[in-house]
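In the numbering used here, the protein residues as written are 2 to 377.
Virtual Cβ for every residue (Gly too), placed ideally from N, Cα, C.
Beneath this line is the structure, given in structure tokens, with notes to follow.
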Amino acid sequence: MDLTLSPEELRFRDEIRAWLDQNHPGPAPQDTEQNFDFRLAWQRTLHEAGYAGIAWPREYGGRGATLVEQAIFNEEMVRARAPAPANILGLIMGGPVVMAHGTDDQKRRFLARILSGDELWCQGFSEPDAGSDLASVRTRAERAEGGWRISGQKVWTSYAHRAKWCMLLARSSDGARYRNLTYFICDMRQDGVTVRPLRQITGESEFNEIFFDGAFVPDENVIGSVDDGWNIALATLMFERPGLGAASALAIRLQLGELAGLIRQNGLDDDASVRRRFARLVVETETIRLNGYRGLARAGEGVPGPEGSIVKIQWASLNQAMTELAFDVQGGAALESDSTWAYRLLRARANSIEGGTSEIQRNILAERVLQLPRLR
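Here is the structure:
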């Protein structure tokens, strides 16, 4: 494929770059909650300028940009070290799944408020006994007058304590596996929903566990058909990946620049082992970028394909390897509590788990790309 940007794409890149130069919000606070509020204010700035949800169709408040333009935008955000918008799950998953599978009423109800950040979204998929095996969720949805009553538990739910709506997958019948789940949009601000923060190894609490005790979801908040939630959930996860490769590669490339300085600072720039490990990281970063653009070229319009799992696996393993090298280069200094690289090393442990474990991603590639026999 031709990776050269067209004149229109170059103009778009320059437009974004110039706007970020003039409107960059400055350094983000370190405190988790202050950081979230900072990113929420930044999202409103992006929205006012027409840069929130730029790949969304114009009729839903977006810019109607292509997936390549979305990737360019993501790259320029990373290049400028600008913060991600706060309502990221609503922008990259919630909104797209409502546009693809929601009713006209649902589109009118939810989409504008996702873009503006007025209503924040979280994702209720993983459970204590069904993290990677999403089809085995035990949270139950029981029929009630005008809707459903939800009972069960979700875990590893990012920013659930700030969210208004939850993309919720629950067991709605005792039918066959993959045909007994329904996809709900659940109001988090009601009786019957309890959110408890989970303290991570980094000291942050961006993840939460959620307990549902008869929480109500009206029929109009079912996305797609009853018992067809598995297909909607797969579409949600696919929406997460467009543009991930290019932006992730650039983010890692920027950190590799920091790592190169660290290597020189510690007098290891002539160490053969360190040089080999660093060179491998540089090469793998470029393969992520190229695979990301290849996925965009194949996606075209609509729901992206399963090839995005390649980039997810590569990014997780590469980021972990990079932080491990930085840790080895620093030696004992890496253990200092205020070490940036110590934080990155600890946070990178989650990369091969969050967004679908690397094992699950490999199964997706085996079954849906290589057409190998199903695991079960």
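Bounds of any alpha helix (DSSP H) do not take in Lys165, whose DSSP letter is neither H nor E. Where Thr341 is concerned, the enclosing alpha helix (DSSP H) starts and stops at 341 to 349. Per DSSP, reduced to three states, the secondary structure at Asp38 is helical. Ala113 has no beta-bridge partner at all, per DSSP. Residue pairing for Lys155: DSSP places it in a beta bridge opposite Ile211. In summary, Gly293 is buried, with 16 or more beta-carbon neighbours lying within 10 Å of its beta-carbon over all protein chains present. Where Arg141 is concerned, the enclosing beta strand (DSSP E) starts and stops at 141 to 145. Taking a cut-off of 8 Å on C-beta distances, the segment 49 to 60 touches the segment 94 to 102, as three or more cross pairs fall below it. Note that the segment 74 to 94 touches the segment 38 to 53; at least 3 beta-carbon pairs, one per stretch, sit closer than 8 Å. With respect to the C-alpha of Asp228, the residue from Pro198, Trp149, Ala273, Leu251 having the closest C-alpha is Trp149. Just so you know, the alpha carbons of Leu238 and Gly333 end up roughly 40 Å apart. Counting C-beta atoms within 10 angstroms of its own C-beta, His25 has fewer than 16 neighbours from the protein chains shown and is therefore classed as exposed. By a beta-carbon distance limit of 8 Å, Phe213 contacts Thr140. Their separation comes to about 6 Å. Taking C-alpha positions only, Ala216 is separated from Trp122 by approximately 17 Å.
A straight line joining the alpha-carbon of Ala131 with that of Asp105 spans about 32 Å.
Under DSSP, Arg278 takes part in no beta bridge, so it has no partner. When Cβ pairs closer than 8 Å are counted between the two stretches, the segment 313 to 330 is seen to touch the segment 272 to 279, the count reaching three or more. Here Arg345 is near Gln256, since their CB atoms are less than 9 Å apart. Pairing Leu47 with Ala252, the inter-Cα distance amounts to about 20 Å. Leu263 and Leu282 have their alpha carbons spaced roughly 15 Å apart. With a minimum length of 4 residues, the unbroken runs of alpha helix (DSSP H) contained wholly in the segment 66 to 105 fall at 68 to 80, 96 to 102.
Rounded to whole angstroms, the Cβ separation of Phe185 and Val218 is 5 Å, and the two are in contact under 8 Å.
Taking Ile17 as the centre and dropping the five residues before and after it, the same chain places the C-beta of Phe74, Glu77 closer than 6 Å to its C-beta, in chain order. Where Phe185 is concerned, the enclosing beta strand (DSSP E) starts and stops at 182 to 188. Looking from the CA of Glu10, the closest CA among Gly54, Leu90, Ala66 belongs to Ala66.
Ser353 counts as buried, since no fewer than 16 other beta carbons sit within 10 angstroms of its beta carbon. Spanning the alpha carbons of Leu135 and Arg45 requires a straight line of approximately 33 Å.
In summary, Arg197 is exposed, with fewer than 16 beta-carbon neighbours lying within 10 Å of its beta-carbon over all protein chains present.
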